[in-house]
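What follows is a short report on a single structure.
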Amino acid sequence: MKCFTADFETTTDEKDCRVWAFALCEIGNPENFIYGNSIEEFMDFCANTKENYKIYFHNIKFDGCFILDYLENNGFEFIPEKKQRDDYTYTTLITDMNVFYSIEVFFKVNKKSHRTNKVTFYDSLKILNFSVEQIAKDFDLPIRKLTLDYKAKREKGHILTPEEIDYIRNDVEIMARALDIMFQQDLKKMTIGSDALNYYKTMQPKFKKLFPSLENEIDNEIRLSYKGGFTYLNPKYKEKKIGKGLVLDVNSEYPAMMHSMNGRLLPVGVPIQFEGEYEYDELYPLYIINISCMFELKKGKIPSIQIKHSLDYQQNEYLESSKGLITDLTLTSVDFELMKENYNIKFLKYNGGYKFQATTGIFDEYIDYWTAQKIQAKKEGNSSLYRIAKLMQNSLYGKFAVSTKSSLKQPMMQDGIVKYIDYKGKDRKSLYCAISSFITSYGRDYIIRSSMKIREWSLNKYGEDYYVYSDTDSIHLRIQDEEDDVNDLKKILEIDDYKLGAWKPESTFKHGAYIRQKCYIEESYEGKLNVVIAGFPKNLAPLMTFDNFKIGFSTEGMTVEDMIKQARKNGASLEEISRIHHKLRYKHVKGGVILEDTGFTLK
């Protein structure tokens, strides 16, 4: 079966939304390049009766809208399940959160001969989750992404210029070459997480015994303990500018939490439910518990409790107090022990939970293998293998927490525009969410305890709290003398550039300013400004300075010319200026989707 990468170039006019160019490049045979200037021509290629192609778009959420529009306008009927396939039918895998995974189109179905003529579209962004430009660099490919004037007017039947052909060819060829490298490593699943899990299973003969599929009711209760990385700004530095600082990064944080080198226990097997308070059980030393509580943060401690989906608390806030309210929490034993150390618990009721057998070393072979691949790749200058190894190291733990609930979206035509309505898919069997809960718990525990050590160190050395900010696998702190302070920090933290789980001095900065989580700027000693603002496009970073980095900053009402003028004033390079355009958002229209200019306001 032939596999291709594909890309559409589309108009930006809401009243004339269509594909004006398409390109395909065969994976494993990049010389096989095909292009044309309409979606009809593209779909004719896909309907080849002699081939059932697999075709990868890099961000099928965009290109797939044009395919769905074509299908709905040309007599194809949506089917919820593949077993319902018939002539001119199609099915999709689109989650209730509008995450696109695949579109499968059936042109002809011969039920007697069991011969099906079909094409399946996948999303390469689920395998390599970064831009085409970055992929070309990271995989050190012999070609690079080119530039194109997207807004130029192109009439129907437009004959592609040599420059346009070169542009679209490079896009699909970059992805074809990158996916070919992945496929040669036998990484051919729909997502990088699925590849990681599949690879791990080949190394772990006791997989089903270690990670039994639990009843959905049990999985749902355990899943309440699963939370993400720790991201927190010290209130002392909220909306403040600081001087010299250091950023420390953990070398492969979650793989380090999975490894046995520090003796962290991980849950395995079928858990046992318990009532009330957990009583220590040598055979079942780990637990997940539900409690009802009231709490206040102890002086000098860093908060670790975050409550989502509650009207009483901000969703992304780490709480210093339950505000006098009795609150229900579901915590791993790791989180609960940290809570008891950092908070005064004023009311506590144990509501029971699940206790687990525990072991270490179950991921060592997997982590060690991909660590060795990274080291080898670095020595050989093999950038593609290095990127693959890093992806495989970091993509396994989250796959264990994949949701059992299957809430999906169905495309349908309304007033000439493809819309999406919810429908219930078949629920999946659980994998083993507890393992993801404990791995991420250990990660939060590690970064919070390290942050508190930094706070204590700075108070002892300088009489002031120099801890500034934590973000999943990094800590930002003030320093006075880099060499002296790093040597001091080595007494309380494991600092090493390469060792798994150690802290690596990633960068220093001359100045920094912070508003909240995922919202800060730091200036390097070379004068480069690192702008991290959730929802703010990276291409607009040259607009930001320490003077305008504040609540209320906005690009509303600015033209591109205004933004370029401001970026020039701020000292932006020619390359940075060439990338400036408005923030874009999807707008579904007749024909497909356009990327509509919109403003950004820092709130």
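Under my numbering, read the sequence shown as residues 132 to 734, first letter to last.
The beta carbon of each residue, even a glycine, is placed where N, CA and C say it ideally should be.
**Message:** Between which two residues does the beta strand (DSSP E) holding T571 run?
**Reply:** Run containing T571: none in the beta strand (DSSP E); it sits in the alpha helix (DSSP H), C564 to Y593.
**Request:** Could I get the ranges of all uninterrupted beta strand (DSSP E) runs contained in the segment 511–564, with 3 residues as the minimum, in chain order?
**Result:** 538–545 and 548–555
**Separation of Y563 from D350, as counted between CA atoms** = 8 Å
**Item:** Secondary structure of N229, DSSP reduced to three states
**Value:** coil
**Asked** First and last residue of the beta strand (DSSP E) that includes L469?
**Response** Here L469 belongs to no beta strand (DSSP E); instead the alpha helix (DSSP H) covers S464 to N473.
**Prompt:** Measuring CA to CA, which of C196, T226 and R216 is closest to G556?
**Reply:** T226
**Prompt:** Can you tell me whether DSSP reads Q445 as helix, strand or coil?
**Reply:** coil
**Request:** Name the residue from D147, K372 and D619 whose alpha carbon lies nearest to the alpha carbon of E654.
**Result:** Out of D147, K372 and D619, K372 has the C-alpha closest to the C-alpha of E654.
**Item:** Distance between F153 and D200 (C-alpha atoms, nearest Å)
**Value:** 16 Å
**Prompt:** Closest to L310 by CA distance: which of S325, S169 and P161 is it?
**Reply:** P161
**Item:** Burial state of T180 (16 or more Cβ within 10 Å)
**Value:** exposed
**Message:** Rounded to the nearest angstrom, what separates M470 and Y597 at their Cα positions?
**Reply:** When rounded, the distance between both Cα atoms is 23 Å.
**Message:** Can you tell me whether K718 is helix, strand or coil according to DSSP?
**Reply:** strand
**Request:** Reducing DSSP to helix, strand and coil, say where S709 ends up.
**Result:** helix
**Message:** In this structure, how does DSSP classify P211 when only helix, strand and coil are distinguished?
**Reply:** coil
**Asked** Looking at C-alpha atoms only, which residue of F487, G455 and D380 is the closest neighbour of D412?
**Response** F487
**Prompt:** Which class does Q648 belong to by DSSP, given the choice of helix, strand or coil?
**Reply:** coil
**Request:** Taking only the alpha-carbon atoms, compute the straight-line gap between I198 and M321 and give it to the nearest angstrom.
**Result:** Spanning the two alpha carbons is a distance of roughly 19 Å.
**Prompt:** According to the neighbour-count rule (16 or more other Cβ atoms, all chains shown, within 10 Å of its Cβ), is R246 buried or exposed?
**Reply:** exposed
**Request:** Would you mind working out which of E427, D459, T141 and E451 sits nearest H440, comparing C-alpha positions?
**Result:** D459
**Asked** Which residue from A672, L256 and S526 puts its Cα closest to that of V230?
**Response** L256
**Prompt:** Mapping DSSP to helix, strand and coil, what is L195?
**Reply:** Before going on, a small fix: residue 195 reads as Gly here, not Leu. Note: G195 maps to helix in three-state DSSP.
**Message:** Within a Cβ cutoff of 6 Å, which residues of the same chain sit near F164, ignoring the five residues on either side of it in sequence?
**Reply:** Exclusion of the five residues before and after F164 leaves C156 and R300 as the residues of its chain whose Cβ lies within less than 6 Å of its Cβ.
**Request:** Put E410 into one of helix, strand or coil per three-state DSSP.
**Result:** Coil at E410, not helix or strand.
**R149 (DSSP reduced to helix, strand or coil)** = coil
**Request:** Report the partner residues of F487 according to the DSSP bridge assignment.
**Result:** L417
**Prompt:** Hey, is the segment 370–385 in contact with the segment 637–655, meaning 3+ C-beta pairs nearer than 8 Å?
**Reply:** yes
**Asked** Going by beta carbon distance, what residues of the same chain come within less than 6 Å of R149, once the five residues before and after it are set aside?
**Response** T142 and G722
**Rounded straight-line distance, which links the Cα of Y187 to that of D546** = 29 Å
**Message:** Do G324 and K530 count as a contact pair if the criterion is CB distance below 8 Å?
**Reply:** yes
**Message:** Would the segment 396–407 count as touching the segment 597–614 if we require 3 or more Cβ pairs under 8 Å?
**Reply:** The segment 597–614 and the segment 396–407 do not touch, with fewer than three beta-carbon pairs separated by less than 8 Å.
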